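Chemist: Numbering (my numbering), first residue to last: 38 to 612.
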Amino acid sequence: MVLLNENWKVVSEAIRTPGAANVTYQLLARINPQYHSIELNRDYVEIQVSYTMNSGYIYSGSWTFSATGCDTVTGGGTLSGSGTLISGGFWSYHDNNGNYSTSINANLSFYFSSADAYLDGFIELPNIPRASVPSWKNGKNRVKMDGTDTITLVLDKKVPAYRHSLVWVIGNSGYKWLNTNDIDTEYTFKPTEEMLKYSTDGKYIYGYLGVGTYASGDQNAKMIGSMNISFFIDLPEEKYGPVISSATVKEIGNAKVPADKVFRYLSKKHLTMQAEVRGFSTAKNVYVMHNKQQYPMALNNDTYSVDLEGMVDGDVQFVIEDSRGFKTTHDWHGTYVPYFYPTITDLVATRDNPTSSHGYMIAKGKWYNGQLNKLTAITEHLPNERLNTDVVVNSNDFNINKEFSDLNYQNKFTFKLTITDYYGQSVIREYILPGSQWTALFGKFTSLFRMIHVKKTPNVPCGIYNEGDLSTLGRTYAKGGLAVGGDDTFIVKEFTADVQAIKGQQAAYISVPYTIPTGYKLLCFYDAHTVTWCITTIKNVSANAIMTHVYNWSTPSDITPKSKVVVSGLFVKSA
């Protein structure tokens, strides 16, 4: 490989001895400096083949000479002394790195073949410096889009006269000019807002700079090469994340429920949010989180909204996620009220005695609204007559005991009780108090009867009422049932045990100890309850304890306070 310059260099040489002659052939090449072009990245290589007769001469009636880059020469005659057999040249276009190499040859053919020669060899041309090599100063290729951060591009130019231009490319932006060919060896790169719109799906942006190298800083200078170098733009979330400008919660389920409270069963909340995305991103997901579930919000007139009902607590989170993956949230905390509807567990009406017009209506029930301990009770027992009563209670239980003096014993009365809480939720229950039509009334005298037959006719109640003692020597039959009164024949006793707090949807087994009163026998345990809203059942009865199962049927977030289990037992006096 022969490296050429502006002087002739021997690429190949051959010596021949035709007859008595001795001749040296040389294949020569050089660069013509007149045609050297940095901008066109080319040179012109001149070729010639020379001869030198070391002794004698060559006579040939004909010859043919050819060489790389030369026109073929034909002829004949005598060769003596020295001279040039053929000459010419060719354009050498360097590669993108400015390099060039090739092979050249020459073929000399005479009438007498002993003078023939074939010369060949490889040539290489000096490198024509091309594109400058870009790099990032200190290896820093990430820049934050905060308005102040920059990174520095360093250009390793090959020729002092070289200058550079820059373009940037992000996504499908195409080439965007940063400046023209006036950059020397350094450039301070600072990203612009325009760059953001060509990449909207990441928290950072990838792009590259195209560095064009020019032979000079002249306006008309041609670009002689280019190279690319990549960069990253980091987007601060505080500057380019979504913004929630307002978030509101309104009650639309019950007009009496405050906006800042969430009532189980009753509440229906209308949630609205105004938000925007930044940095050319788009809104990807907009929703509210409640009880670990997402509820998408709909956009209408620049406002997102959704309605929530069946809420299990007072916690709501507004969320907007953009196409870059940035997420902004706003938390709303309302006071949760584990409301449950009023219920009437017991309702009964009774006269003082079967022939009395005086009596009572007694009702029991449970309720909870967590706010106003006030209920309204409406009692109806006569046509077109309604008795309104405010019931003030201090726990989950309420009791109503109303006195009446217009209960004519001959008439039947239907008692209708309506319980309504502050929030308009009602429960209705009825009780029928029958009339009593007696065919005989025995006062304070003694009578002897073989048989008393009290006959019942349709729609007319009947029976025997005795205000004193009744003794029977024979057997007493009670085909329809036996009701026994007295202060101590049957007694009821309540037994209790403490209950710790129970989470919603969980249960506990509670053992309630009991003792049988002296002189009595146990008939049964007929009722078990707690002072909270739990469901209590009797599972087993042993010699001295009742095993109960207490279940909190409410939602997992509703935890009962510490309370008691109450079990009622019925006992009868021993004979």
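We put the beta carbon where it would ideally sit given N, CA and C, even for glycine. Quick caveat, the model's predicted, so the values are computed rather than measured.
Assuming glutamine 543 and asparagine 589 form a contact by the criterion Cβ under 8 Å, report the distance between their Cβ atoms to the nearest whole angstrom.
Modeler: That pair is a contact at about 6 Å.
Chemist: Is it the case that the CB of serine 318 approaches a heavy atom of the ligand HEM more closely than 8 Å?
Modeler: As presented, the structure is devoid of all ligands, the ligand HEM included, so that no description of it is given.
Chemist: Verify whether the separation of the beta carbon atoms of tyrosine 81 and glycine 126 is less than 9 Å.
Modeler: Yes; because the gap between Cβ atoms is below 9 Å, this pair is in contact.
Chemist: With a threshold of 8 Å, are at least 3 pairs of Cβ atoms found where one atom belongs to the segment 169-187 and the other to the segment 46-65?
Modeler: Output reads no: the segment 46-65 does not touch the segment 169-187.
Chemist: Name the residue from Pro554, Lys599 and Ser579 whose alpha carbon lies nearest to the alpha carbon of alanine 534.
Modeler: The option with the nearest alpha carbon to alanine 534 is Lys599.
Chemist: Quick check for students: name the residue ranges of the alpha helix (DSSP H) that lie wholly in the segment 121-194, counting only runs of 4 or more.
Modeler: Runs of the alpha helix (DSSP H) inside the segment 121-194: none found.
Chemist: Compare the beta carbon distance of proline 166 and leucine 41 with 9 Å and say whether it is the shorter of the two.
Modeler: The answer is no: Cβ separation not under 9 Å.
Chemist: Name the residue from Phe608, Ile572, Lys177 and Met260 whose alpha carbon lies nearest to the alpha carbon of aspartate 271.
Modeler: Among Phe608, Ile572, Lys177 and Met260, the Cα nearest to that of aspartate 271 is on Lys177.
Chemist: Mind checking whether alanine 198 and serine 263 have CB atoms under 9 Å apart?
Modeler: No, these two residues do not count as a Cβ contact at 9 Å.
Chemist: Which one of Phe269, Glu161 and Ser92 has the shortest CA to CA distance from valine 206?
Modeler: Closest by alpha carbon: Phe269.
Chemist: Taking Cβ to Cβ, would you say valine 602 is nearer than 9 Å to valine 549?
Modeler: Yes, the Cβ-Cβ distance between valine 602 and valine 549 is below 9 Å.
Chemist: What number of angstroms, rounded off, separates the C-alpha of asparagine 216 from the C-alpha of valine 204?
Modeler: Cα-Cα distance, rounded: 7 Å.
Chemist: Measuring alpha carbon to alpha carbon, tell me which residue in Thr111, Ser103 and Trp128 is nearest asparagine 142.
Modeler: Considering only alpha carbons, the answer is Ser103.
Chemist: Suppose you measure from the CA of aspartate 564 to the CA of tyrosine 460; what does that come to, to the nearest Å?
Modeler: Aspartate 564 and tyrosine 460: Cα-Cα distance of roughly 31 Å.
Chemist: Should valine 280 go down as buried or exposed, given a rule of 16 or more other Cβ atoms within 10 Å for buried?
Modeler: Valine 280 comes out exposed.
Chemist: Count the CB pairs spanning the segment 303-323 and the segment 355-362 that are closer than 8 Å, and state whether there are at least three.
Modeler: Yes, they touch.
Chemist: Tell me whether glycine 278 is buried or exposed, calling it buried when 16 or more other Cβ atoms sit within 10 Å of its Cβ.
Modeler: So glycine 278 ends up on the buried side.
Chemist: Give every residue of the same chain whose Cβ lies closer than 6 Å to the Cβ of proline 333, excluding the five residues on either side of it in the sequence, and list them in chain order.
Modeler: Answer for proline 333: Tyr324, listed in chain order.
Chemist: Over the uninterrupted alpha helix (DSSP H) stretch that includes glutamate 231, give me the two end residues.
Modeler: No alpha helix (DSSP H) contains glutamate 231, which DSSP labels as neither H nor E.
Chemist: Starting from the C-beta of serine 393, find all residues in its chain whose C-beta is less than 8 Å away, skip the five residues before and the five after it, and write them out in chain order.
Modeler: Cβ neighbours of serine 393 beyond the five flanking positions: Leu444 and Tyr446.
Chemist: Would you tell me roughly how many angstroms separate the C-alpha atoms of phenylalanine 532 and valine 587, rounded to the nearest one?
Modeler: Each residue's Cα considered, the two are about 15 Å apart.
Chemist: Quick one: Cα of isoleucine 575 to Cα of glutamate 422, how far?
Modeler: Their backbone Cα atoms lie some 42 Å apart in a straight line.
Chemist: Determine the extent of the alpha helix (DSSP H) in which lysine 276 is found, giving its start and end residues.
Modeler: 274-277 is the span of the alpha helix (DSSP H), which, as asked, contains lysine 276.
Chemist: Taking DSSP's pairing of strands, which residues face arginine 361 in a bridge?
Modeler: Arginine 361 pairs with nothing; no bridge assigned.
Chemist: Use the C-beta contact count for cysteine 561: other C-beta atoms within 10 angstroms, 16 or more gives buried, fewer gives exposed.
Modeler: By the neighbour-count rule (16 or more Cβ atoms within 10 Å), cysteine 561 is not buried but exposed.
Chemist: For serine 605, which of Lys540, Asp595, Thr592 and Phe527 has the nearest alpha-carbon?
Modeler: Of Lys540, Asp595, Thr592 and Phe527, the residue nearest in Cα terms is Phe527.
Chemist: With a 10 Å radius around its C-beta and 16 neighbouring C-beta atoms as the bar for buried, classify alanine 335 as buried or exposed.
Modeler: Exposed: under 16 other Cβ atoms inside 10 Å.
Chemist: Assign tyrosine 551 to one of three DSSP states: helix, strand, or coil.
Modeler: Coil.
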